[in-house]
Structures are given as structure tokens and as C-alpha cells.
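Asks: Taken in order, these protein sequences are the chains called A and B.
Taking the numbering used here, the leading residue of the first sequence gets 2, the next gets one more, and so forth.
Taking the numbering used here, the leading residue of the second sequence gets 12, the next gets one more, and so forth.
Note that beta-carbon positions come from the ideal geometry of N, C-alpha and C, so glycine has one too.
Pasting a structure below so you can have a look.
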Amino acid sequence: MITIKNLRVNLGGFLLQNINLDIKSGEYFIILGPTGAGKTVLLEAIAGLYPVLEGEVWTDGREVTRLNPEKKGMGIVYQDQALFPHLSVEENIAFGLKVKKCSKEERKAKIAAMAETVGIPHLLKRSPVTLSGGEKQKVALARALVIEPKVLLLDEPLGALDPETRERMQRELREVHRRVKVTTIHVTHDFEEAVALGHRVAVLNDGSIAQVGTPEEFLHHPSSEFVARFALSRNIFTGRGEDGENGHALIDIGGVRLRAVTESRGEVRLSLRPEDILISREPLQSTARNCFQGTVTEIADRGSVVYVTVTLPPDFVCLITRQALDELELKEGVRAWITFKASAIHVF
Amino acid sequence: MGIWRKPDSMSLVFIVLGTLMLLFIFVPLVKTIFSSSPGTLWNTLLEEDVYSSILLTISAALMATLMGLLFGVPLAYLLARRQFRGKRFLEAIIDVPIVIPHTAAGVALLFVFGSNFLCGKVFDGIGIDFFRTFAGIVIAMMFVSVPFLIDSAKEGFKAVDVRLEKVARTLGASPWRVFLRISLPLAWRSIFSGSVLMWARGLSEFGAIVIIAYSASFLGWNTKVLPILVADRFDFGLYYTLPVAALAILISLIAFIALRSIAYRGEKP
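Here it is, written out as C-alpha cells:
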């Protein structure tokens, strides 16, 4: 458990201030903010690696604001991994254990178990310089977790990875967290990542926290234009997946059953890009597996593009051009059809 | 292996000028080394004032480098990691010994470390005298050559990602441990090559030493550093000094090449 009270940090030019967070034990907490919002510095301030002007950081009922970083018990993983290049993967992971003066046998056992948890037993003897981005990230994660920190701090851990690796790492990160259950603060600028991983999300904007809540609360009650812009960029649903025909999954998201291409069953969260949804006034004959009728409930003008909300229910946000809006004569209250491919649905 | 192309006029001019530059460096060195027969060199080496001088020069330069490491590396680390007002001014000061006339540096050192002056008195109290002594040679060498070590070490530390140090702190390591296990090993190559440069520069120092310790007693000999020995012998004629000069060049060259090859061991050219 970690509590942050009225934290104030000088970013050299502007301030992070009024940072108040209450993060539960074992929670996966996301801090979402645009690039340059001071997310990395906030993590470093929490870890004691960056000076704090005012405010307090508490872990497990103890004030640790000005404790040296080596005494805080917080592990950090940076976007660029920051593996020690002169040490092997095994020595990297062993670094924190050696400081703690673990016996050699204990060290070996802990490293082996942690390597197993993050899936890198085959990499232990390698030099970090030779690893791929995803492998490096796992090593950095293992190095931070093996000392059993009270809090794990992740600084854009998926940011430096290619899209495919990022998706896989996202799943593995959640899997590792499920096994280790360490209180985690993960900062990112990626809304989808936040929704996919976070139990709760805090949005950082203009140097302070704009909103804290579950991903669902964000989608349905964005507290500001800034949060809404984040929220509009994706359709996010929670549902139950079961087997459909032809190997497709049928996902019930509350009234509507979507066809999706995924192995996941049971409780799932999924996203759909607004630009992947077609709108029409008549049902479309196409290869797309999902076609539903609803009512246009909101039209948000963004210049040359327009966000149209079609309510079935639930609400689907679709992105179309101004021209299409005019041609289809869409306005609030009219009936419309939405169509999208099964493969456009991204299941977390 | 590229395909041979006819060089353009600029490349031709640059190649000619570059070759002349290289010859200007090589010819005097090579000609001096080969001016004396190996037999003559060997006999010169066996002269007492020659080998005592070589020993004195090498050990004094080594001592100066060790002192430079002890005091210079922490300074280099601070300069690489900390931001503070007046840092640029400080960095400029450190390089001053390179640009001032070294005889003037010798005078300046004597003015501070001479037994009648400030630091001289303090050291006199613990039995260290600098005028015409081994210690005097060491501080003269150190003064003129330590900027090479500090600058090189500073660049080495700057190249170490500060996040490596931060991660190490969160893993429980104290600042001391982070420095010894992370920063120092990663900057080692730069520190070592800076040390080699400093040592080599110390070997060749004449100006500052001639003022503060023209000759000194060392292991029972009363001897002087190689550059001064070369100059002394020149008073008796060019051919008298040639073998000593050749030895001085050879020793510096061999040591320099050997140490550099250690520093760059395992690194692709």
C-alpha cells in the first residue's frame, strides 16, 4: 500500500503539484499522461531519486518521503530498461540480492524462480547487450522483482517495444502481476495500455492529477475535455467470451454479442478503434461479421473529422469524415447501422 | 574493400598534405631511434646516470598518476554528475596547466610548495620537502599532466547512463557501492586511457621539473629525469645526446603502445 499526499516536485520550468494518490496493496495502478507531463520524474520522486519540494510518501503506514532510495524498497523499471551492460543477465538479477547479502544458494534459488516467473531461464548466461527489446524488459522486470519490493514502479515499460512485442509483453506483464501481486505504479501515455492493465487509472495533466478512477468510470464519466479526448480514442467494453462458430469467439457485452478473433474466453476486456467502424443508413452486405442497428445519440465535431456515437446500447463511438456525415444526413435521433470486422476487435 | 575510384582534386591535395604531416611526425622519431646502433643503445642504457634517470622518470610519473587517480577521479565524477554555478569556469581552470608555459608552472609550484611558503611549511612539518626531491618531481609532473586524466575520466563518467546508477540505488546499493560496482567499471576504459596519457605526459615533462627539481636523490643516486638528462648532454654536442634521446623515445613509445593495447583489448578497431 502506498499513499502520496500533496506531493510537489520542481520539473525545472514547471511544477508537479497537488499529487494525491491512495494506492491499495496489490493494486495495478496506472498514471496516464501525455509525453513531457513529468511522469518519469514523478516516479523518481516517489522512489527518492528526485528531490521532493513538499508533500509526503507513505508505504505500509510509514512515512518514507526523504528516505534514501536504497532504503525504500521500491523497484524501478525504465523504458530503456537500464540493464547493467558489464554484467550478465544473471548478474543483473543478482545485483540486488548481493547487496542484501543473500547466501549463494538462496540467491541461486531466487534467481531461478524469478527467471521462471518472467520466462527467461534460457537467457541467464547471456549479456544484456545481445537481447531483444522484449527480452531486456523481462530481465529488467526480474531484476526489480527479485528483491521483493513493496512497490514496483514501471516507467513506460512497453514504450520502446515494437507493436507486436508490446501486445505480448502487455499480456505477460498482467500475468506476472497476477502471480507476484506486488503493488504496481505504471506510467504511460497510451490509453489502451492503461485500460488493458490498470485496476485504476490516474490522469496527469498540466502538472496535477485530473481524474482517478476505474477504466469504465473514465469512459462513461470523463471529468474533463482532456480525459474525454483520451477516452474518445477507443471504444472499450467488458464482456464474457464463449465459443462461437468457425472458431470465432462470441463476446456478450451486455445485450450485444460481438464476433471476435481471439483465444480468450470468460471475462474479457476489448477495444475497437472508432475509425474501424462503418456507419450506414441501411444494413451492409459485406464480409464483416458484426452488423448492428442503433440510434445516433451524439455528434462531436472535431474539424474535418466527426465522432458519432451510436447507441445500441451500449454506445459505440465511430470516426467518420465531415463529408460522410453530410452525405448520410446523420443527426441525433436517426437510426443507423454500424458494421465492423471480427478482426477489428482487440481483446486484452 | 571498395572499388577503386579516381580521387577528386580535393582528396588528392588532402592526401598530399596529410602525408607530409605524417612524415613530419615520423621521420625525426625514426631517424633518432635508428641513428645509434643497438650496441650503442645498450651501452648507453648500462650507464649509471642513464638507467637511474630512466627509473626515476618512470617511477615519478607513475606516482604522479596514482596521486592523480586518487584526487582527480572523484573530481571528474562530481563534474560529470553535478550541475552547479561556475562549473564551466572550474572546468576551464583545470585545463590551464596545459596552456601555460611549464617553466612558469614550475615557478608557481615552487612559490607554494617551497619550504618557506604556505603548503611547503605544512609538508615540511611531516618531513616532505619538494625542492630538488623526488616529491618535487612528482608534483611538477602531476600539475602539468593531471588535466588529461580528469578530462578523460569526466567524459567516461558522462557516458555512463545515470539511470543505471538510479536503478542500482533502488536495488539497495549505497552510493559507494553504486560507484564501485557500476560507475567505475563502466568508465574504467576512459579512466585508464586518461591515466596512460597522464603518465606519458609526465614522463616527457621538462619545464616545470627543471625549476623545482633539476636533480634529486633517488634510491641512493643523485639523478635527474630523462628530458633534463637529454638537455644536459646536448651541452656536450648533438652526437653525445643522440643515444639518450633515442632511448627516451623508445621507452615512451613502447610503454604507450603496450598500455593502450591493454585499454583497447578486445575492442574492434
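(1) Give a yes or no on contact between the stretch 143 to 162 of chain A and the stretch 73 to 80 of chain A, applying the rule of three or more CB pairs nearer than 8 Å.
(2) Contact between the stretch 70 to 81 of chain B and the stretch 197 to 215 of chain B: three or more CB pairs below 8 Å?
(3) Tell me the rounded alpha-carbon separation between K266 (chain A) and A46 (chain A).
(4) Do three or more CB pairs link the stretch 51 to 67 of chain A to the stretch 203 to 222 of chain A at distances below 8 Å?
(5) By Cβ distance, which residues of its chain are closer than 7 Å to P280 (chain B), with the 5 residues on each side in sequence left out?
(6) Tell me which residue opens and which closes the beta strand (DSSP E) that A227 (chain B) is part of.
(7) When we look at the beta-carbon of P112 (chain B) and count the other beta-carbons within 10 Å, is it buried (16 or more) or exposed?
(8) Could you tell me the alpha carbon to alpha carbon distance between S224 (chain A) and I32 (chain A), rounded to whole angstroms?
(9) Determine which residues share a DSSP beta bridge with W338 (chain A) and list them.
(10) Please look up how many angstroms separate the CB atoms of V255 (chain B) and V61 (chain B), rounded, as I've assumed it's under 8 Å.
(11) Hey, how far is the Cα of A195 (chain A) from the Cα of E330 (chain A)?
(12) Please return the same chain residues whose Cβ sits closer than 6 Å to the Cβ of L31 (chain B), not counting the five positions on each side in sequence.
(13) D246 (chain B) by DSSP, collapsed to three states: which one?
(14) Looking only at its chain, what residues have a beta carbon closer than 6 Å to the beta carbon of L251 (chain A), apart from the 5 residues adjacent to it on each side?
(15) Would you call the CB atoms of A151 (chain B) and A227 (chain B) closer than 8 Å?
(16) Answer yes or no: do V297 (chain A) and N236 (chain A) have a C-beta to C-beta separation smaller than 8 Å?
(17) What are the residues in the stretch 172 to 186 of chain B lying within 8 Å of chain A by C-beta distance?
(18) Closest to L146 (chain A) by C-alpha separation, out of A:I112, A:H190, A:R303 and A:I5, would be which residue?
(19) Closest to L198 (chain A) by CA distance: which of A:L84, A:S272 and A:G334 is it?
(20) Within the 8 Å Cβ cut-off, does R212 (chain B) reach chain A?
(21) Please list, in chain order, all residues of the same chain as F141 (chain B) whose beta carbon is under 8 Å from its beta carbon, the five residues on each side excluded.
(22) Does DSSP put M152 (chain B) in a helix, in a strand, or in coil?
(23) What in chain A is Cβ-close to P196 (chain B), meaning under 8 Å?
(24) At 7 Å on the CB atoms, spell out the chain E contacts of A48 (chain A), in chain order.
(25) Going by the CB atoms, is the gap between I121 (chain A) and A143 (chain A) shorter than 8 Å?
(26) Would the beta-carbon of H190 (chain A) fall within 8 Å of that of P86 (chain A)?
(27) Where DSSP assigns a beta bridge to H187 (chain A), which residues make up the other side?
(28) Restricting to runs no shorter than 4 residues, where is the alpha helix (DSSP H) found entirely within the stretch 85 to 149 of chain B?
(29) Please confirm whether I193 (chain B) has its beta-carbon closer than 8 Å to some beta-carbon of chain A.
(30) In its own chain, which residues sit with a C-beta less than 8 Å from the C-beta of C103 (chain A), not counting the 5 before and 5 after it?
(31) Residues of chain A with a CB under 9 Å from the CB of R188 (chain B): which are they?
(32) When we look at the beta-carbon of N7 (chain A) and count the other beta-carbons within 10 Å, is it buried (16 or more) or exposed?
(33) Could you check whether the Cβ of G76 (chain A) sits closer than 8 Å to any Cβ belonging to chain B?
(34) Between which two residues does the alpha helix (DSSP H) harbouring M2 (chain A) extend?
(35) Please state whether DSSP places D163 (chain A) in a helix, a strand or coil.
Replies: In short:
(1) yes
(2) yes
(3) Residue 266 (chain A) is actually Arg in this sequence, not Lys. Straight-line Cα distance between these residues: approximately 40 Å.
(4) no
(5) The predicted model places P280 (chain B) with a pLDDT of 41, which falls under 50 and marks its position as unreliable; any figure quoted below should be read in that light. Nothing meets the Cβ criterion.
(6) Annotation for A227 (chain B): the continuous beta strand (DSSP E) segment containing it runs A227 to F229.
(7) It counts as exposed.
(8) When rounded, the distance between both Cα atoms is 16 Å.
(9) Partner(s): A:S281 and A:Q294.
(10) 6 Å
(11) 36 Å
(12) Cβ within range, chain order: n/a, list empty.
(13) coil
(14) E243, G245 and R258
(15) Between A151 (chain B) and A227 (chain B), the CB-CB gap reaches or exceeds 8 Å.
(16) Not a contact, by the Cβ cut-off of 8 Å.
(17) D172, R174, L175, K177, V178, A179, R180, T181, L182, G183, A184 and S185
(18) A:I112
(19) A:S272
(20) no
(21) Within the same chain, and ignoring the five residues on either side of F141 (chain B) in sequence, the residues whose Cβ sits closer than 8 Å to its Cβ are L120, L121, F124, G125, S126, G131, F134, G147, I150, I223 and A224.
(22) In the displayed model, M152 (chain B) falls within a helix according to three-state DSSP.
(23) H87
(24) Of the protein chains in this structure, namely A and B, none is chain E.
(25) yes
(26) no
(27) A:I31 and A:L155
(28) 98 to 110, 113 to 124 and 129 to 136
(29) Residue-level contact check: I193 (chain B) touches chain A, since one or more beta carbons of chain A fall below 8 Å from its beta carbon.
(30) K111
(31) Scanning chain A for C-beta atoms nearer than 9 Å to the C-beta of R188 (chain B) yields E71 and V100, reported in chain order.
(32) Its Cβ having fewer than 16 others within 10 Å, N7 (chain A) is exposed.
(33) Yes, because at least one Cβ of chain B sits closer than 8 Å to the Cβ of G76 (chain A).
(34) Where M2 (chain A) is concerned, there is no enclosing alpha helix (DSSP H), given that its DSSP letter is neither H nor E.
(35) coil
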